[in-house]
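Participant: Have a look at this one before I ask anything.
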Amino acid sequence: MKKVLLVLLVVAMLSSFFVGCKPKPQPVSLTIWHSWSGAELDVLNEAIAEYQKQHPEITINQLQVPFDQLQNKYQTEAAAGGGPDILVGPADWIGNFAKANLIAPLDSYFDAAFLADYVPGAIEQVKFNGSMMAFPQSTECVALIYNKSLVQNLPKDTNELVTLVDSITQGDTYGFVYNSGFYFTAGYFFAAGMKLFDANSDAIVSQGDGGVKALTFLKNLASDPKFIVANDYGKADSMFKEGKAAMIINGPWAVGDYTNALGDKVGVAPMPVFAETGNPFAPFVNTKDFFVNANINDTQKKAAVDFIKFMVSKDVEQKFFEKAKHIPSNVKVDTSSDLIVGGFLEQMKTGVPMPIIPEMGAVWDPMQTAIDSVLASKAMPQDAINTAQTTIQDKINASRGQ
Amino acid sequence: MKKEIKEKLKHLYLHTYIIFWIIIALFPVLWIVSMSLNPINVLKPTTLTLIPKNASLSAYVKVLQRPYEAYPVPFVQLLFNSLFVAGGTAFLSVALAATAAYAFSRFSFPGRNIGLILFLVTQMLPATATLAPLFVILTLLHIRNSLWGLIIAYASGSVPFAIWNLKGYFDTVPKELEEAALVDGCDRNQAFLKVILPLSVPALAVTFLFGFMNGWMEWMLAWTFLTKPQNFTLAMTLYNMQGQWNTPWSQFAAFSLIISVPVMVVWFLLQKYIVSGLTLGAVKG
Amino acid sequence: MVDKSDISMWEKLRRHRLAYYYILPSAIVMALITAFPIFYQIWMAFTNFNITNLRNPHPDFVGLGNFIKIFTNKVPLENFNFWRTFAFDIFWTFANVFLHVTIGISLAVALNTPRLAFKKIYRTLLVIPWAVPSYISALIWRNMFDADFGAVNQILSNILNMTVKIPWLTNPNAPIKILSFLSYAFYADLITNVWLGFPFMMVVATGALQSIPNEIFEAAEIDGVNERGKFFKITLPLIRSAMLPAIMLGIVWTFNQFNVIYLVSGGGPLGTTEILVTQAYKIVNPGGLYGVASAFGLIVFFILLAITLITNRITRATESQI
């Protein structure tokens, strides 16, 4: 008993020495996992170096993980109680992560004044059940990418597109190598009037005739031998780089490679309007976000959020924009200089935010199956969309444990 | 004279047949070579040429200089890790399998057939849902985030094949040799170490090679378990080159070849063992 | 066993304890690494384990619900049909193993011809498909099957002197009408996997052939046995015992050949080339239905076990000659 008292006394005395001193900052170490590569990785490293210079007590370790392993790796580690402090990933991971309680809500860390500088749609997208579960770094969507030496006048609607493509395709040069992946072509489904979910997050893809119209449109493109319609990213990509595709659908991440291969011949513009309804192409708009691990303590969380605030500051996002073509979430970043990014920004205006609810995971494969089976003449558009509706809803019910 | 001509004709026919298969075996590899020389990173070259326009070796240089883009781990370090993991896997699986195979080959004991099947059975459960429990067990053993953890996990995948192959070979070693050793006063362990093992070098070499290849090529468990770039392996960093959308295909192809070359060299060196040491079952003799 | 029943079980084990000591180290490692995941999987198979249970592993017990869902094709996944996938997997396995073995043996026999030149170089070149990491070669083959620019169609076009555009990976229809359940992609997968697999069988067969003394062939030649007779009367019976275990392993490997199917055809188009393991993978990722996937894994396990036991019965591959 005496010993304990003595120890307490000593501790009290020692601690009194430090009262009034400025607290020496504790060394903090943060880990960030991402799948950035190339120019974006360079910007990340520069930003980390800059941040560590400003805050010498902080060490930041970054780990690059292959994109298709990142979600799984994080899920496995975080579920076992570990994982990095910060994760960089697309907003559509939020639903599952939040449901499994792997990421921390961030509402308390960002005030209204701070949020005022960010694109409202992006901030809106990262909210799950009313809480902010991530912070947006950049936005992405697909648009028309064209080779200026093969395309002089851009088509206004899909009818003009067909005429134009028919005049360009010759030999092994194609007017349009159309990616029929659902992510890439979803813009025409929404332009045709299709909706994914109702207010209860149940599937409604077969409501109305939007899905049928869009599938019929794709089927018509595919039956035109002057088009290549394939769910094949690599093919569209390679052909465009080799100058054998005049137009493709792709996102800002690809532009760097294209300008390396083709120089200033690369142009970006919104996709042509869907002629049948007169509606513009409405691609998914998704954000790349910073997530904070739910397993870490409050001090770590605070440090992680401080670093995130730095990463989304005007200066850092400006660098991401200039060097890696990231379309910034920060409205203060000056984007006027860049015509290519301008094309994506223009397209984004008619886009729809990618739903982040876990139900979205049930949509991809059934919709792809609908597209593939129509293109392969295995199903009529109406039947294909009905099948997709049933499968999506079954998957949703199963994931809800019904 | 006539017999000689007949043999020549037969050989000509056999050469044609074999060369046909060699062309098929080599074609995809040549495609990788062509991809690795292409300066514009295309996955699907639209024309068939072995040496593409403006061919260059820059992809090889880039890969050797910076194999893991995000962190300056030298190529030699990755190579060392890969050799360590592959060698460790091979060594551990041979060591574990040799004794077990000896028991299966030489003793008749209750549960022998079941046991042999049980080892094979572990290969039959598709590991789709077991990654998380494996993660937990390796974490509990404190080897999850290390090369040792990989070695043990990979070895558990190689051991069943190793046991089968070694048992098959031990079966072909005449029992009389061992019995002679036993008569001379050796015990079972000595007979195993001094008679059976030295006679089984070809099979041990092949088993080693199989374990080595398992450890050399695997990336999926490695990417799930490791978090320190200093521990990464070549196969992991090769896989890492595939981006969500963009992959530097030329570098990917160059790296693929760099990774495959050591394996091919080992193959070539072990050629004579591979043929005589791969005896999954008993060849009577 | 030969022992009389008056010897107790314990006595039997004690008598053979040396054998068990020899097996113990590998048994421990296998048990350590594979047993817990396997039991975990068995437990999950009877629950509705899903993504929310990763943090909170208390899923509801659902009895045989997952198995019933699988057998009645009620798993919420596009193109899910357990029985079709099962039948396809069996066909896939036997088609592959048959080709692996016939091509492997034919090459091994060719390379075993006395006085044939370049044998060593030939053998080295022929094992190259085996030495290249399989996910790299699978990716390469996928691109070679591209309908418009793939090497396969280009070569066929050159040989046949006409434009060939076989939609290898996109057309779910069957090119051969009688085998209506086999889409073009099946043939693409088959070609890829045969390419990957024949060297293994070739090497096994070569090993077995080299243990046949040449005198047997020479004696047969003197007796006037022709090439065919030599092959069927001498070669095949003598290499049989070496080939059978390799075939058994080949069956297990091919039945669970994830890389080729997943990377070349992705199980598509429209699920026509899905095998059981790729289907199981899709149930977890992106499906997130760990419970169903575990049940599915167990089913695959029992199918393979049955196949192995049957093959083992037929071939007695686990017998040794003491």
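Protein chains in written order, with this note's numbering: chain A, 1 to 402; chain B, 1001 to 1285; chain C, 2001 to 2322.
All C-beta atoms, glycine included, are put in the ideal place defined by N, C-alpha and C.
For the alpha helix (DSSP H) that contains residue 29(A), what are its first and last residues?
Facilitator: Here residue 29(A) belongs to no alpha helix (DSSP H); instead the beta strand (DSSP E) covers 28-34.
Participant: Check the Cβ of residue 2185(C) against every Cβ in chain B and list those closer than 7 angstroms, keeping chain order.
Facilitator: Result: empty, since nearest Cβ-Cβ is about 17 angstroms, beyond 7 angstroms.
Participant: Mind the definition here: the segment 1220-1239 of chain B touches the segment 1057-1073 of chain B only if three or more C-beta pairs lie below 8 angstroms; say whether that holds.
Facilitator: Output reads yes: the segment 1057-1073 of chain B touches the segment 1220-1239 of chain B.
Participant: Taking Cβ-Cβ distances below 8 angstroms as the criterion, which residues of the segment 2169-2182 of chain C are in contact with chain A?
Facilitator: The residues in question are 2170, 2171, 2172 and 2173.
Participant: Please compile the residues from chain C whose C-beta is within a distance smaller than 8 angstroms of the C-beta of residue 96(A).
Facilitator: Ordered by position in chain C, the residues that pass the 8 angstroms Cβ test against residue 96(A) are 2051 and 2288.
Participant: Please state if the CB of residue 2153(C) and the CB of residue 2291(C) are separated by a distance shorter than 8 angstroms.
Facilitator: Cβ atoms of residue 2291(C) and residue 2153(C): not closer than 8 angstroms.
Participant: Which residues of chain B have a Cβ atom closer than 8 angstroms to the Cβ of residue 233(A), listed in chain order?
Facilitator: Simply 1245.
Participant: Using a beta-carbon distance below 8 angstroms, is residue 264(A) in contact with chain D?
Facilitator: The structure shown contains no chain D; its protein chains are A, B and C.
Participant: List in chain order: all unbroken beta strand (DSSP E) runs of 3+ residues lying wholly within the segment 239-295 of chain A.
Facilitator: Within the segment 239-295 of chain A, the complete beta strand (DSSP E) runs of at least 3 residues are 245-250, 266-269 and 284-292.
Participant: Taking 7 angstroms as the limit between beta carbons, can you name the residues of its chain near residue 99(A), skipping five residues before and five after?
Facilitator: Here the set comprises 358.
Participant: By Cβ distance, which residues of its chain are closer than 7 angstroms to residue 2082(C), with the 5 residues on each side in sequence left out?
Facilitator: Excluding residues within five positions, the ones whose Cβ falls inside 7 angstroms are 2070, 2071 and 2073.
Participant: Strictly by DSSP, which residues pair up with residue 396(A)?
Facilitator: Bridge partners of residue 396(A): none, in fact.
Participant: Cα separation between residue 190(A) and residue 2148(C)?
Facilitator: Approximately 30 angstroms, taken between the alpha carbons.
Participant: Sort 67(A), 84(A) and 271(A) by Cα distance to residue 295(A) and report the nearest one.
Facilitator: The shortest C-alpha separation from residue 295(A) is found at 84(A).
Participant: With 8 angstroms as the threshold, decide whether the Cβ of residue 2078(C) is near any Cβ in chain A.
Facilitator: Closer than 8 angstroms: yes.
Participant: How big is the Cα-Cα spacing for residue 2212(C) and residue 2238(C)?
Facilitator: Residue 2212(C) and residue 2238(C): Cα-Cα distance of roughly 7 angstroms.
Participant: Where do the N-terminal and C-terminal ends of the beta strand (DSSP E) with residue 2161(C) fall, by residue?
Facilitator: Segment: none, residue 2161(C) is in no beta strand (DSSP E) and carries neither H nor E.
Participant: Cutting at 8 angstroms between CB atoms, please list the residues of its own chain near residue 40(A), excluding the five before and the five after it.
Facilitator: The residues are 320, 323, 324 and 326.
Participant: What separation, rounded to the nearest whole angstrom, lies between the Cα atoms of residue 2253(C) and residue 2138(C)?
Facilitator: Looking at the two C-alpha atoms, the distance is approximately 16 angstroms.
Participant: Which residues in chain C sit within 7 angstroms of residue 1156(B), going by Cβ to Cβ distance?
Facilitator: Under the 7 angstroms cutoff, chain C gives 2029, 2030, 2033 and 2034.
Participant: What residues match up with residue 89(A) in a beta bridge as DSSP calls it?
Facilitator: Note: residue 89(A) sits in a beta bridge opposite 289(A).
Participant: Does chain C have any CB closer than 8 angstroms to the CB of residue 1260(B)?
Facilitator: Chain C, which has a Cβ nearer than 8 angstroms to the Cβ of residue 1260(B), makes this yes.
Participant: Who are the neighbours of residue 99(A) on chain C, taking C-beta pairs under 7 angstroms?
Facilitator: Ordered by position in chain C, the residues that pass the 7 angstroms Cβ test against residue 99(A) are 2051 and 2052.
Participant: If you scan the segment 2270-2297 of chain C from start to end, which runs of the beta strand (DSSP E) of 3 or more residues do you find wholly inside it?
Facilitator: For the segment 2270-2297 of chain C, not a single whole beta strand (DSSP E) run of length 3 or above is found.
Participant: Look at the alpha carbon of residue 2263(C) and the alpha carbon of residue 1120(B), and state the distance between them as a whole number of angstroms.
Facilitator: About 26 angstroms.
Participant: Decide if residue 1002(B) is buried, meaning its Cβ has at least 16 other Cβ atoms within 10 Å, or exposed.
Facilitator: When all chains shown are included, residue 1002(B) counts as exposed.
Participant: Can you give me, in chain order, the residues of the segment 1189-1218 of chain B that have a beta carbon less than 7 angstroms from any beta carbon in chain C?
Facilitator: Going along the segment 1189-1218 of chain B in chain order, one finds 1217 with a Cβ nearer than 7 angstroms to chain C.
Participant: In three-state terms, what does DSSP make of residue 1107(B)?
Facilitator: Residue 1107(B) falls in the coil class under three-state DSSP.
Participant: Out of curiosity, what's the CA-to-CA distance linking residue 36(A) and residue 302(A)?
Facilitator: Between residue 36(A) and residue 302(A), the C-alpha separation is close to 24 angstroms.
Participant: If you measure from the beta carbon of residue 150(A) to each beta carbon in chain B, is any gap under 8 angstroms?
Facilitator: Taking Cβ atoms only, chain B never reaches closer than 8 angstroms to residue 150(A), which makes this a no.
Participant: Kindly list, in the order they appear in chain B, the residues whose Cβ is closer than 9 angstroms to that of residue 2012(C).
Facilitator: Result: 1109 and 1110.
Participant: Does the beta carbon of residue 1125(B) sit closer than 8 angstroms to a beta carbon anywhere in chain C?
Facilitator: At least one chain C Cβ lies under 8 angstroms of residue 1125(B).
Participant: Under the DSSP definition of a beta bridge, which residues are partnered with residue 229(A)?
Facilitator: Residue 229(A) pairs with 178(A).
Participant: Please go through the same chain and pick out, in chain order, the residues whose beta-carbon is closer than 7 angstroms to the beta-carbon of residue 385(A), but skip the five residues on each side of it.
Facilitator: Once the five neighbours on either side are set aside, the close Cβ partners of residue 385(A) are 205, 206, 211, 212, 215 and 370.
Participant: Quick one: list the residues of chain A neighbouring residue 1223(B), beta-carbon separation under 8 angstroms, in chain order.
Facilitator: Residues of chain A passing the Cβ test: 65, 66, 69 and 73.
Participant: Which stretch, first to last residue, makes up the beta strand (DSSP E) that contains residue 64(A)?
Facilitator: 58-64 is the extent of the beta strand (DSSP E) around residue 64(A).
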